[in-house]
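Notes follow once the structure below has been shown.
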Amino acid sequence: MSFDTQVLNSRRQRLDDYDELWVFGYASLIYKVDFAYLEQAQANIYGYERRLWQGSSDHRGTPERPGRVATLIPSENMPCFGMAFRVTPEVFLHLDHREKNGYLREEVSIVLLSGREVRGLVYIAYPDNAAFLGDAPIKDLAKHIFQSKGPSGKNKDYVYDLASSLRACGVNDPHIFAVEKALRQLDAP
Ligand code: SIN
Numbered sequence: 166m167s168f169d170t171q172v173l174n175s176r177r178q179r180l181d182d183y184d185e186l187w188v189f190g191y192a193s194l195i196y197k198v199d200f201a202y203l204e205q206a207q208a209n210i211y212g213y214e215r216r217l218w219q220g221s222s223d224h225r226g227t228p229e230r231p232g233r234v235a236t237l238i239p240s241e242n243m244p245c246f247g248m249a250f251r252v253t254p255e256v257f258l259h260l261d262h263r264e265k266n267g268y269l270r271e272e273v274s275i276v277l278l279s280g281r282e283v284r285g286l287v288y289i290a291y292p293d294n295a296a297f298l299g300d301a302p303i304k305d306l307a308k309h310i311f312q313s314k315g316p317s318g319k320n321k322d323y324v325y326d327l328a329s330s331l332r333a334c335g336v337n338d339p340h341i342f343a344v345e346k347a348l349r350q351l352d353a354p
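FYI, in our numbering the residues of the sequence shown are 166 to 354.
Below you can see the structure in the form of structure tokens.
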């Protein structure tokens, strides 16, 4: 199931009012940076955890066989690590298109690793979007991801790239690492 959020997002924040803004990436936006930015910094937002609960029919799956990609779920006071980018508002046209399958822009407070706090936007796919798949046992998540692929590549590579980016930054994400481990078992010859 797909659910195009581009029009909804264009109505959520008036980006024309800004010369520049911050965007917080927590999954593919950490490792696939296909947009221009003015500044980049490791960062945390608080009150969220990553989960591979969003369906992907446009990047890591197809409308017939959607893959699974990351979204954020509420989690009291938990830091969620990611990458913050200071960008010009035009970049959001590209990002709105890239994240169109169910993701809405949400305003958040972003704490850069320097300790500086900035306001910015993050793309979250909420449970009420038509592409949302939700929770499943880790083994089932891994099996589903192992079998999926789409225009942006194999779904398992989405998880491997995310896990290795987090590891390279010294971040432990139990959910992502558990799915990665189960995937590597399926991938073993
Ligand atoms: C993000 O990376 O911030 C959003 C989810 C994704 O595109 O993988």
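Beta carbons: idealized from backbone N, C-alpha and C, even for Gly. Since the model is a prediction, treat every value here as computed from it, not as a measurement.
Taken from the Cβ of Val252, every heavy atom of the ligand SIN lies 7 angstroms or farther away. In the structure shown, the three-state DSSP call for Asn209 is strand.
For Ser193, the uninterrupted alpha helix (DSSP H) segment begins and ends at 193–196.
Taking 7 angstroms as the cut-off, the C-beta of Val234 counts as close to a heavy atom of the ligand SIN. In this structure, DSSP gives Glu255 a state outside helix and strand, which the three-state scheme calls coil. C-alpha of Glu271 to C-alpha of Glu264: approximately 13 angstroms in a straight line.
Between the ligand SIN and the CB of Ile341, the shortest heavy atom gap is not smaller than 7 angstroms.
Contact between the region 293–313 and the region 241–258 is absent: fewer than 3 CB-CB pairs across the two stretches fall below 8 angstroms. With respect to the 8 angstroms criterion, Arg177 and Leu269 are classified as neighbours on the basis of their beta carbons. When the beta-carbon positions are compared, Val188 and Leu327 stay at least 8 angstroms from each other. For the options Arg225, Val256, Val172, Arg332, the alpha carbon positioned closest to that of Val234 is the one of Arg225.
In this chain, Glu345 is not harboured by any beta strand (DSSP E); it is covered by the alpha helix (DSSP H) spanning 339–352.
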